Amino acid sequence: MNKTNSKKKRRVTFWGITSMVILAVTYGIIMYNMPHRDVQATATDQQIDAQTLVNEYLSNPTKANQKYLDEEGESTIFEVTGKISGISEDFDGLPVVLLKEKKDKAGVSCTFLKEVKPQIKSLKLGQKVTVKGVIRAGASYDADLEMYEHVIIEKCNVIK
Numbered sequence: 575m576n577k578t579n580s581k582k583k584r585r586v587t588f589w590g591i592t593s594m595v596i597l598a599v600t601y602g603i604i605m606y607n608m609p610h611r612d613v614q615a616t617a618t619d620q621q622i623d624a625q626t627l628v629n630e631y632l633s634n635p636t637k638a639n640q641k642y643l644d645e646e647g648e649s650t651i652f653e654v655t656g657k658i659s660g661i662s663e664d665f666d667g668l669p670v671v672l673l674k675e676k677k678d679k680a681g682v683s684c685t686f687l688k689e690v691k692p693q694i695k696s697l698k699l700g701q702k703v704t705v706k707g708v709i710r711a712g713a714s715y716d717a718d719l720e721m722y723e724h725v726i727i728e729k730c731n732v733i734k
């Protein structure tokens, strides 16, 4: 009688664990294959100039995050207007445009999508542009490096 109960317990335990593993793997596959948010096809939530955005993060980062990020940490979709002070590429070869005035402590670093790389070549330093994208990180002061860090916006595209 004990052997039968023991086998039954092992079988129930085995199938219980197997079911949980299958559910976990299925959930992981679904989350991995979930489509990413198409920033460029989605309506803009906020329009702001680069200097205002930077100043909000430097003066009160917590308040700025509450204003620009939802409960899950997803950014609202921005149109940021500013003057180009730098054009470069990141480590992945994606174009990066820095919107910053000379007098500002920090600026807005915009990382563009691969698809718009040819469009970036027409941009010039000092040109005023409007860029659409989502915030990845806010501006801050790094005491160790003794320098200001820029607001980082990703999935960008030039609007104007």
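If you number the sequence shown the way my numbering does, the last residue is 734 and the count never jumps.
Backbone N, C-alpha and C fix where the C-beta goes; we use that ideal spot for every residue, glycine too.
Please read these numbers as outputs of a predicted model, since none were measured by experiment.
Measuring straight from C-alpha to C-alpha, what distance separates Asp666 and Phe686?
Here the question's residue 666 lines up with position 92 in the sequence shown. Here the question's residue 686 lines up with position 112 in the sequence shown. Roughly 11 Å separates the two Cα atoms.
Quick check on Gly602: does DSSP put it in helix, strand or coil?
For the purposes of this step, residue 602 is taken as the residue at position 28 of the sequence shown. Helix.
Quick one: give me the first and last residue of the alpha helix (DSSP H) that Ser633 is part of.
Counting from 1 along the sequence shown, the entry for residue 633 is found at position 59. Per DSSP, Ser633 belongs to the alpha helix (DSSP H) from Ala624 to Ser633.
Given Ile694, which residues of its chain have a CB within under 8 Å of its CB, disregarding the five upstream and five downstream residues?
Mapped onto the sequence shown, residue 694 falls at position 120. These residues qualify, in order along the chain: Ile661, Pro669, Val671, Phe686 and Val732.
Between which two residues does the alpha helix (DSSP H) carrying Ile661 extend?
Stepping through the sequence shown from its first residue, residue 661 is reached at position 87. It is not in any alpha helix (DSSP H) - Ile661 instead sits in the beta strand (DSSP E) that spans Ile651 to Glu663.
Give the DSSP bridge partners of Asn731, in chain order.
Position 157 of the sequence shown holds residue 731. Beta-bridge pairing links Asn731 to Lys706.
What three-state label does DSSP hand Thr587 in the structure shown?
Translated into the one-based positions of the sequence shown, residue 587 becomes position 13. Of the three classes helix, strand and coil, the one that applies to Thr587 here is helix, per DSSP.
Work out the CA separation of Ala638 and Asp718 for me, nearest whole Å.
In the sequence shown, the residue the question calls residue 718 occupies position 144. In the sequence shown, the residue the question calls residue 638 occupies position 64. One C-alpha to the other measures close to 23 Å.
Under 8 Å: do the stretch 706–723 and the stretch 674–683 share three or more Cβ pairs, one atom per stretch?
As far as the Cβ criterion goes, the stretch 706–723 touches the stretch 674–683, which means the pair count is three or higher.
In three-state terms, what does DSSP make of Gln701?
Here the question's residue 701 lines up with position 127 in the sequence shown. Three-state result, Gln701: coil.
I'd like to know whether the C-beta atoms of Ile726 and Phe652 end up nearer to each other than 8 Å.
Translated into positions along the sequence shown, residue 726 becomes position 152. Translated into positions along the sequence shown, residue 652 becomes position 78. No.
DSSP on Leu668, reduced to helix/strand/coil?
Residue mapping note: residue 668 aligns to position 94 of the sequence shown, counting from 1. In the structure shown, Leu668 falls within a coil segment according to DSSP collapsed to helix, strand and coil.
Near Asp623, what residues of its chain come up, given a Cβ to Cβ distance below 8 Å and the 5 sequence neighbours on each side ignored?
The sequence position of residue 623 within the sequence shown is 49, counting from 1. Val654, Thr655 and Gly656.
Please work out which residues of its chain come closer than 6 Å, Cβ to Cβ, to Lys674, disregarding the five sequence neighbours upstream and downstream, and give them in chain order.
Here residue 674 is taken as the residue at index 100 of the sequence shown, counted from 1. Correct list, in chain order: Ser659 and Gly681.
Suppose the cutoff is 6 Å on Cβ atoms and the five residues either side in sequence are ignored; what does the same chain contact list for Tyr722 look like?
As a working mapping, residue 722 is identified with position 148 in the sequence shown. These residues qualify, in order along the chain: Lys679, Ala680 and Tyr715.
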